[in-house]
Amino acid sequence: MDANQRLMQFMEAVSRSTDAKVLKAEQTAEEEAEQILLEADRKCRADSEKTLAAAKARIAATYQKRMSQIGYEGRTAFLSRRQMLLMQLFGELREKLTAFTASADYLPWMKKLLADAAPEDGAEILLRESDLALKPELEKTVSAKISFRADPAIRLGGLSVLSADGRRCRNHTLDEAYASQLRNFYRNHKIGGGDK
21 MDANQRLMQF MEAVSRSTDA KVLKAEQTAE EEAEQILLEA DRKCRADSEK TLAAAKARIA
81 ATYQKRMSQI GYEGRTAFLS RRQMLLMQLF GELREKLTAF TASADYLPWM KKLLADAAPE
141 DGAEILLRES DLALKPELEK TVSAKISFRA DPAIRLGGLS VLSADGRRCR NHTLDEAYAS
201 QLRNFYRNHK IGGGDK
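Position one of the sequence shown corresponds to residue 21 (the numbering used here), numbered consecutively onward.
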């Protein structure tokens with residue numbers, strides 16, 4: 021074997037060794053690249069899931085807020101409408117009471133009310149200003165010595181009997197009956213305001 025052949029063998033051996041090292045380096049590089057890609061994929065998937073979860077949470081919060089707002093607006097509209105209908109209903113009742121006090125039936129009703137109250141001597145009968153004109157007729161209803169005066173708190177009609185010592189007052193006014201009906205309506209239908 022001459023030197024050229026040996027040199028060729030040596031070069032082939034070096035070439036095979038280099039090829040093996042290159043092949044091994046390529047395999048290692050491919051494995052590392054595959055690991056890097058898998059890790060990047062996991063991180064990307066995790067980041068995507070976090071981003072998606074955050075987006076879902078924001079959408080859910082926005083939806084919940086909007087639904088709550090719609091519910092509140094609906095309830096407010098319902099309560100407003102109900103209050104309007106109640107005021108209309110009780111407005112009609114107030115008009116009927118006003119019509120009653122202007123009718124011929126009002127004086128006999130007032131006389132009966134005063135007779136049933138049976139005021140004591142020295143009692144004071146409180147009336148609305150316009151009902152003071154009924155004083156002569158009302159005085160004939162009872163035998164007790166009573167006095168009459170206007171009470172600005174009485175607006176619809178009726179009367180209150182204040183005892184001689186001023187400690188007891190029996191309220192027989194249409195104002196109190198109206199307010200009582202309104203309170204009872206609120207209370208019986210479990211509407212706020214029935215305890216006022």
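We put the CB at the ideal spot given by N, CA and C, even for glycine.
Practice task
Thinking A164 and P139 are a contact (beta carbons under 8 Å), I'd like their distance in whole angstroms, please.
Solution key: About 5 Å separates the two Cβ atoms, so the contact holds.
Exercise for the section: Return the chain-ordered ranges of every alpha helix (DSSP H) run that is complete within the stretch 22-107 and spans a minimum of 4 residues. Expected result: Listed in chain order, the alpha helix (DSSP H) runs fully inside the stretch 22-107 amount to none, counting runs of at least 4 residues.
Handout entry: Reduced DSSP category for L176 - H, G, I as helix; E, B as strand; rest coil
Key = L176 falls in the coil class under three-state DSSP.
Exercise for the section: Please determine if the stretch 171-188 and the stretch 94-111 are in contact, where contact requires at least 3 C-beta pairs separated by less than 8 Å. Expected result: No, because fewer than three Cβ pairs between the stretch 171-188 and the stretch 94-111 fall closer than 8 Å, the two stretches do not touch.
Practice task
Just mark K216 as buried or exposed, buried being the case when its beta carbon has 16 or more other beta carbons within 10 Å.
Solution key: Its pLDDT being 48, under 50, K216 is placed unreliably in this model, and the value from its coordinates should be taken loosely. So K216 counts as exposed.
Exercise for the section: Starting from the Cα of T193, find the closest Cα among M28, R175, K210 and give me that residue. Expected result: The residue with the shortest Cα to Cα distance from T193 is R175.
Handout entry: Secondary structure of E149, DSSP reduced to three states
Key = Three-state DSSP puts E149 in a helix.
Practice task
Return the CA-CA distance between L113 and R190, expressed in angstroms with no decimal places.
Solution key: In a straight line, the C-alpha of L113 is about 23 Å away from that of R190.
Problem - Extent of the continuous alpha helix (DSSP H) to which A135 belongs - result: 126-137 is the span of the alpha helix (DSSP H), which, as asked, contains A135.
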